[in-house]
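Below is one structure, written out as structure tokens; the observations come after it.
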Amino acid sequence: MQPPSLCAFFTPQFHCHILIYVLAPVTILAYIAFYYFVQLPYRFLIAAFDAFYPIYVFVGATSILAVLIGFSAKWITVQVQESLERPLQSPDQATSSGPQALPRPPAYSQSATSVT
-14 MQPPSLCAFF TPQFHCHILI YVLAPVTILA YIAFYYFVQL PYRFLIAAFD AFYPIYVFVG
46 ATSILAVLIG FSAKWITVQV QESLERPLQS PDQATSSGPQ ALPRPPAYSQ SATSVT
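Count the sequence shown with our numbering and you get residues -14 to 101, in order.
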């Protein structure tokens, strides 16, 4: 059996083993840093989001429902106000063109109300 020649140290397999051993501390440090600064916070956030999801859905649904109730209450209020502000018409004043406003009384002038 012959001893390995000097050329055996320059094969790609030999260089890979050397690189693996030289870069092992860097790769282990990168793995630990990735775990503590990326994976662990990500897992914590996912667990927190899973825990608060029912509250998120409840608050979202109630907010949407509150907006709908608010807009419908405003619409009903406007409709009631408009119906109360419209003057009533007698049957002989009604025409086919729709409701018409009654004439307004003349405004009082300042000279008629002032006493000298």
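Backbone N, C-alpha and C define an ideal beta-carbon position, used for all residues, glycine too.
- C-alpha of Y38 to C-alpha of T47: approximately 14 Å in a straight line.
- Judged by DSSP secondary structure, P39 falls within the alpha helix (DSSP H) whose first and last residues are L25 to E70.
- Across the structure, Y6 and A36 are spaced so that their CA atoms are roughly 43 Å apart.
- A58 and V44 have their C-alpha atoms spaced approximately 21 Å apart.
- When DSSP states are grouped into helix, strand and coil, P10 belongs to the helix group.
- Distance from the CA atom of Y20 to the CA atom of P26, rounded to whole angstroms, is 9 Å.
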